[in-house]
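The numbering of the sequence shown is the working numbering, which starts it at 64 and goes up by one.
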Amino acid sequence: MGYILDLRKEVGSRPLIMAGAGVILVNGKNEILLQKRSDNGCWDYPAGSMELGESFEECARREVLEETGLVCGKLEYFMTLSGKESFYEYPNGDQTYAAGIIYICRDFTGELKPQDEEVITQGFFPLDALPAENDPRGLGIFDRLREFFGSR
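Structure follows, in structure tokens:
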């Protein structure tokens, strides 16, 4: 996140277009991994901003490893996130428009270890029993996930 923090020093809280990636990790019970974020207190999937020179897939793998301790195997393209729906204002006033790729990963290894700086707790949840405090940006994605899994 060094690049974004450096950029914020220059532009303050003005809206930024932030390229990044996220991963919906799905276990053998078709439950998805969510984590309670420390910056807004909401539940969300592992995701983050790209570093300079990084590909979307590299970003996705790095964010999962950093935030969860898990190593992703095969990543399956799920959707592109962009547009007005991707606007978010953080509690500190920083404004962003996310532009990124969301992947699904069913093939992961390692031991779940929440990252202390960004994550309060983590857990796997069935799509019909997600925590109430979902990240507002994730609501449409969770609806699409329900459709995706319902069609399989």
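A virtual CB, placed ideally from N, CA and C, is assigned to each residue, including glycine.
This one's a predicted model, so the numbers in the text were calculated from it and none came from an experiment.
- In chain order, each beta strand (DSSP E) run of at least 3 residues that lies wholly inside the segment 151–190: 158–168 and 182–188
- Message: Residues in the same chain with beta-carbon distance under 7 Å from E174, minus the five sequence neighbours each way, listed in chain order, please.
- Response: Taking the sequence shown and counting its residues from 1, the one referred to as residue 174 is at position 111. Contacts found: G132.
- Task: Please determine, among V89, I67 and E73, the residue with the shortest C-alpha to C-alpha distance to I80.
- Result: In the sequence shown, residue 80 corresponds to position 17, counting from 1. Minimum Cα distance to I80 is reached at I67.
- Please look up how many angstroms separate the CB atoms of A123 and L144, rounded, as I've assumed it's under 8 Å. If you number the sequence shown from 1, residue 123 lands on position 60. If you number the sequence shown from 1, residue 144 lands on position 81. No, A123 and L144 are not in contact; Cβ-Cβ is about 12 Å, not under 8 Å.
- When DSSP labels each residue in this structure, what does D102 get in the three-state scheme? By one-based count along the sequence shown, residue 102 stands at place 39. Residue state, collapsed to three classes: coil.
- Task: Would you mind working out which of E180, E196, V86 and L70 sits nearest R29, comparing C-alpha positions?
- Result: The first residue shown for the chain is 64 and the last is 215, placing residue 29 beyond what the model contains.
- Message: For the beta strand (DSSP E) containing V86, name the first residue and the last one.
- Response: As a working note, residue 86 is residue 23 in the sequence shown. That run of the beta strand (DSSP E) goes L79 to L88.
- Item | Element boundaries [beta strand (DSSP E), containing G65] | Within the sequence shown, numbered from 1, the residue matching residue 65 stands at position 2. Going by DSSP, G65 is part of no beta strand (DSSP E) but of the alpha helix (DSSP H) stretching over G65 to V74.
- Message: For G83, tell me which candidate among A110, E210 and T159 has the shortest Cα-Cα distance.
- Response: Within the sequence shown, numbered from 1, the residue matching residue 83 stands at position 20. Of the candidates A110, E210 and T159, the one whose C-alpha sits nearest the C-alpha of G83 is A110.
- In whole angstroms, what separates the C-alpha of D102 from that of G156? As a working mapping, residue 102 is identified with position 39 in the sequence shown. As a working mapping, residue 156 is identified with position 93 in the sequence shown. Cα to Cα, the separation comes out at about 12 Å.
- Message: Less than 9 Å between the C-beta atoms of L190 and R169, yes or no?
- Response: The count along the sequence shown starts at 1 and reaches residue 190 at position 127. The count along the sequence shown starts at 1 and reaches residue 169 at position 106. No, they are not a contact pair.
- Message: Our contact map puts E148 next to Y166 with C-beta atoms below 8 Å; I'd like the distance itself, whole angstroms only.
- Response: In the sequence shown, counting from the first residue as 1, residue 148 sits at position 85. In the sequence shown, counting from the first residue as 1, residue 166 sits at position 103. In this structure, E148 and Y166 do not form a Cβ contact; the two beta carbons are roughly 19 Å apart against a cut-off of 8 Å.
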